[in-house]
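Residue numbers for the sequence shown follow the working numbering, beginning at 8 and rising by one. Every residue gets a Cβ at the ideal spot worked out from N, C-alpha and C, and that includes glycine. Just so it is clear, the structure is predicted and the values come from calculations on it, not from any experiment. Just below is one structure, and these are the notes that go with it.
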Amino acid sequence: MIGLYGIVSSKTNNRNIRDGFDLMSEDINTDDFHNEIYLGDHFAIGITLRNSKKNNDLSLRKINNEYLIGFCGYGRFLGEAKLSWSDEMIERLIPFVSMGEYDKLKLIEGSFSCFIFHKETIIIVSDRIGSKNFYYYDMDDFIVFAPDVGRIISSNVIIKKKNNAALNEVLAANFFIEDDTLIQDIKRFPYASILIKSIQVPQKNDLKKYWNFPAEEGRIETLSIDLIKEFENKFKIAVYELLDLSSNAVLPLSGGLDSRAIACFIAENQIINVINYSTGDEYKLAKKVCNILGGNFYRISNEMLSSDYFKNSLTGLIEDQKSHCVLNQYFYTPFFKRYFSENSGHDAIFDGIYLDILFSAAFTYPEFSYAKFSNVYCSGTWMIEKYLPNLNIKKLQAHLFQKYQDIVNAFNSDNGVCLSQLFYVLGRLRRYVNESPSARENYCYVLKPAFNYDLMDFGFSLSLKLRKGILYRNMLQECFPKVMSVRYKDSYGNRSKTLFEKIESLYLKFRFELSVATQGMIKDLSLQPAYYFFGKKGLDEILSRTSMTQNQLGDIFDEQSLLKLYKAPYKKQYMFNFLERVLFIQHFFSKYNI
């Protein structure tokens, strides 16, 4: 996986960091990537770059033997109008860092991770959402870091110990809540944070947040023409400034409002190239929007997903397990690799999914008690309770409750809107955005318009009433009435469902309940993308390639329970998603012999 990696130790550390670093450097596919490496007396640091496509977003520069800066992504300093790629950002950072003015690093805006080694001091900075994958293992006398968990483990300089609490979070929620991973003491670097760590002894280690989500809901509640115009201008700036970074972008377009809004503004400046993977209505709606905007439409079809290329690529990803995420998170990866190799003129994914925390607010609620959190994020617990009776469900629920309580107490606010948007960033947003594009970034840039912080702060100033799609809808109707003549998919309750949608929703719900009640004798209508890769026949291949000779989850499932779980999706399609989680954990621990 592309990005910065390395080991830095204190002067008294006796570990052979070079051997560990060499193992980390070898842990890449050299057909796709290559490393640039810098070595010093107490550090070994590298950056993994693409062999194909540009590397404008990836830079590592050694200033002298005690001074090195790495920057991944793009950014600018507070108050500036222009975004800069990584090389230029490093050039801008050198004067501040040289003078030891580390506080000025908090003024960077954008989508980035930054690593600095300066005169026996390590500095790590993340952006407001923590959009770039950066994992680290921080002990008193050394630190190991990488863009993926697997490479840290491959260094062989860490203690490999299961993190069963995080494991249970994956089973219950399908993602890690907050910054834990499956390995004890390997953490994802938190959002909006700066770490300053000395390699002297005694250690000085200072990790602080430099920004946090507002603790009160926005107070603007009245929709007006002036507000619509303000939103239009801020949105336009956010999109246009990223067009300056890449004029050859590809846009994922669904039937919803987020991607539609971005498509409209991009189409004012250039011909849009649209990608869509969906079933039924979403595909038809996206194609209608694309036609109105005069764009080129490309659909990822079910036939494409069932080809040997996609199945073999995905199976390899499942077994490789570097990305530390379940199957749904990297299902686009084989497609993007092929798409960008065949379309050399395209070099970016223009991804607008971050905007949903600001305006669509699909997972933002006026009340966010533990019961609401459990209902929204912990649906896996009922499957555990029903099909895995040997797992201690009370212990799992106690852990989830404590995790919820710890986050609430640290945030120091009981406002439901603010709490729910915080939990969304700490969990689900990372699942869909932070992990999936990490695989996309191996072959292209990922651009996210929400990283205009002015637009972000504007969103936080609005009440939930306005953010639940209403402002989006009115702005688009005002600016692009022809596009808005096409019906849009809506999850937020601000558009009445058609009679057909109501019937379809009731039918799908009834079919699922019937499938559960009949123990799978009547099939569920699975809409999971992963199911189209494999289906029932594909399950045979997955399970035949999953080693049962050594159960890596013996402390969670006994052999009988695990075998029962493996067989469940053959009859009960709704268990397929849960099986993915178990396979992810099983493969991960098996690969790294944990």
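Would DSSP call SER138 helix, strand or coil? Translated into the one-based positions of the sequence shown, residue 138 becomes position 131. If DSSP states are grouped into helix, strand and coil, SER138 belongs with coil.
Does the region 383-393 touch the region 483-496, meaning 3 or more C-beta pairs lie closer than 8 Å? no
GLY86 versus ILE123: straight-line alpha-carbon distance, rounded: Within the sequence shown, residue 86 is the residue found at index 79, counting from 1. Within the sequence shown, residue 123 is the residue found at index 116, counting from 1. Going by the C-alpha atoms only, they are around 23 Å apart.
Closest to VAL493 by C-alpha separation, out of LYS578, SER93, CYS297, ASN36, would be which residue? Counting from 1 along the sequence shown, the entry for residue 493 is found at position 486. Of LYS578, SER93, CYS297, ASN36, the residue nearest in Cα terms is CYS297.
Nearest-angstrom Cβ-Cβ length linking SER420 and GLU228, presumed shorter than 8 Å: Taking the sequence shown and counting its residues from 1, one reaches residue 420 at position 413. Taking the sequence shown and counting its residues from 1, one reaches residue 228 at position 221. Not a contact, Cβ separation roughly 19 Å.
For LEU473, tell me which candidate among ASP147, SER66, PRO373, GLU349 has the shortest Cα-Cα distance. Walking along the sequence shown from the start, residue 473 turns up at place 466. Nearest of ASP147, SER66, PRO373, GLU349 to LEU473, Cα basis: PRO373.
Tell me which residue opens and which closes the beta strand (DSSP E) that ASP213 is part of. Position 206 of the sequence shown, counted from the start, is the residue given in the question as residue 213. From DSSP, the beta strand (DSSP E) with ASP213 extends over 212-216.
Is it right to say TRP218 is buried, meaning 16 or more other beta carbons lie within 10 angstroms of its own, or is it exposed? Translated into the one-based positions of the sequence shown, residue 218 becomes position 211. So TRP218 ends up on the exposed side.
Integer-rounded CB distance, given that TYR284 should sit under 8 Å from PHE152: One-based indexing of the sequence shown puts residue 152 at position 145. One-based indexing of the sequence shown puts residue 284 at position 277. That pair is no contact at about 33 Å.
Neighbourhood of HIS406 by C-beta, 8 Å cutoff - its chain only, sequence neighbours within 5 removed: For this step, residue 406 is matched to residue 399 along the sequence shown. Taken in chain order, the residues that qualify are ALA172, ASN175, GLU176.
Run the CB neighbour count on ASN240, radius 10 Å, all protein chains shown included, and call it buried at 16 or more, exposed below. Mapped onto the sequence shown, residue 240 falls at position 233. Classification of ASN240: exposed, given that the 10 Å Cβ count is below 16.
Could you check where the beta strand (DSSP E) with GLY80 kicks off and where it finishes? As a position in the sequence shown, residue 80 is number 73, starting the count at 1. Start and end: 74-84.
DSSP has ILE101 in a bridge; who is on the other side? Counting from 1 along the sequence shown, the entry for residue 101 is found at position 94. Its beta-bridge partners do not exist; DSSP assigns none.
Thinking ILE269 and GLY359 are a contact (beta carbons under 8 Å), I'd like their distance in whole angstroms, please. Against the sequence shown, residue 269 aligns to sequence position 262. Against the sequence shown, residue 359 aligns to sequence position 352. Between GLY359 and ILE269 the Cβ distance is about 4 Å, and since that is below 8 Å, they are a contact.
Do you know whose CA, among LEU264, LYS204, ASP288, lies nearest LYS475's CA? Walking along the sequence shown from the start, residue 475 turns up at place 468. Of the candidates LEU264, LYS204, ASP288, the one whose C-alpha sits nearest the C-alpha of LYS475 is LEU264.
Simplified DSSP assignment, three categories, for GLU43: On the sequence shown, residue 43 is found 36 positions in, with the first residue counted as 1. The answer is strand: DSSP assigns GLU43 an E or B state.
Candidates ASN23, GLN404, GLY323: which alpha carbon is nearest HIS594's? Residue mapping note: residue 594 aligns to position 587 of the sequence shown, counting from 1. Per the Cα distances, GLY323.
Confirm, please, whether the CB-CB distance from ILE206 to ASP213 is below 8 Å. The residue given as residue 213 occupies position 206 in the sequence shown. The residue given as residue 206 occupies position 199 in the sequence shown. Contact flag unset, no.
Rounded C-beta distance between LEU67 and GLY80? I'm assuming under 8 Å. In the sequence shown, the residue the question calls residue 67 occupies position 60. In the sequence shown, the residue the question calls residue 80 occupies position 73. Not confirmed; about 13 Å, so no contact.
Let me confirm a value: PRO576 is counted as buried when at least 16 other C-beta atoms fall within 10 Å, else exposed. Which label applies? Reading the sequence shown from its first residue, position 569 is the one you call residue 576. The Cβ neighbour count for PRO576, taken over all protein chains shown within 10 Å, is at least 16; the residue is labelled buried.
Can you give me the C-alpha to C-alpha distance between ARG226 and SER468, rounded to a whole angstrom? On the sequence shown, residue 226 is found 219 positions in, with the first residue counted as 1. On the sequence shown, residue 468 is found 461 positions in, with the first residue counted as 1. ARG226 and SER468: Cα-Cα distance of roughly 6 Å.
Could you check the C-alpha separation between PHE103 and LYS113 for me, to the nearest Å? Stepping through the sequence shown from its first residue, residue 103 is reached at position 96. Stepping through the sequence shown from its first residue, residue 113 is reached at position 106. Cα-Cα distance, rounded: 12 Å.
Does the beta-carbon distance from GLY527 to LYS571 come in below 8 Å? In the sequence shown, the residue the question calls residue 527 occupies position 520. In the sequence shown, the residue the question calls residue 571 occupies position 564. Result no, Cβ atoms of GLY527 and LYS571 do not sit closer than 8 Å.
Report yes or no: do three or more beta-carbon pairs, one from the region 347-359 and one from the region 51-66, lie closer than 8 Å? yes
Determine contact between the region 245-257 and the region 454-464, defined as no fewer than three beta-carbon pairs at a distance below 8 Å. In the pairwise beta carbon analysis, the region 245-257 is classified as touching the region 454-464: at least three pairs are separated by under 8 Å.
What number of angstroms, rounded off, separates the C-alpha of ILE235 from the C-alpha of ASN481? In the sequence shown, counting from the first residue as 1, residue 235 sits at position 228. In the sequence shown, counting from the first residue as 1, residue 481 sits at position 474. Distance between the alpha carbons of ILE235 and ASN481: 7 Å.
Can you give me the C-alpha to C-alpha distance between ASN422 and PHE375, rounded to a whole angstrom? In the sequence shown, the residue the question calls residue 422 occupies position 415. In the sequence shown, the residue the question calls residue 375 occupies position 368. If I take the Cα positions, the gap works out to 8 Å.
Cutoff 7 Å; reference LYS215; Cβ partners in own chain excluding five residues on either side: Taking the first residue of the sequence shown as position 1, residue 215 is located at position 208. Excluding residues up to 5 positions away in sequence, SER200, ILE201 lie with their Cβ nearer than 7 Å to the Cβ of LYS215 in the same chain.
Buried or exposed by the 16-neighbour rule on C-beta atoms within 10 Å, applied to LEU300: By one-based count along the sequence shown, residue 300 stands at place 293. Buried, since its Cβ has 16 or more Cβ neighbours within 10 Å.
If we count the other Cβ atoms within 10 Å of its Cβ and call it buried at 16 or more, is GLY107 buried or exposed? Taking the first residue of the sequence shown as 1, we reach residue 107 at position 100. By the neighbour-count rule (16 or more Cβ atoms within 10 Å), GLY107 is not buried but exposed.
Using alpha carbons as the reference points, say which of ILE273, ASN23, LEU56 lies closest to PHE149. For this step, residue 149 is matched to residue 142 along the sequence shown. Here the closest residue by C-alpha is ASN23.
Could you spell out where the alpha helix (DSSP H) holding GLU289 opens and where it closes? Stepping through the sequence shown from its first residue, residue 289 is reached at position 282. Element bounds for GLU289: 288-299.
For PHE50, the three-state DSSP class (helix, strand or coil): What you label residue 50 is simply residue 43 of the sequence shown in a count that begins at 1. DSSP places PHE50 within a strand segment (E or B) once states are collapsed to three.
Let's test the definition: count the other Cβ atoms within 10 Å of the Cβ of ALA368 and tell me whether it reaches 16, buried, or not, exposed. Within the sequence shown, residue 368 is the residue found at index 361, counting from 1. By the neighbour-count rule (16 or more Cβ atoms within 10 Å), ALA368 is buried.
Only counting runs of 3 or more residues, tell me where the beta strand (DSSP E) segments fall wholly within the region 424-491, in order along the chain. 452-454
Using only alpha-carbon positions, find the residue among ASP531, ILE601, ALA256 that is nearest to ASN605. The structure shown has nothing for residue 605, since the chain only spans 8 to 601.
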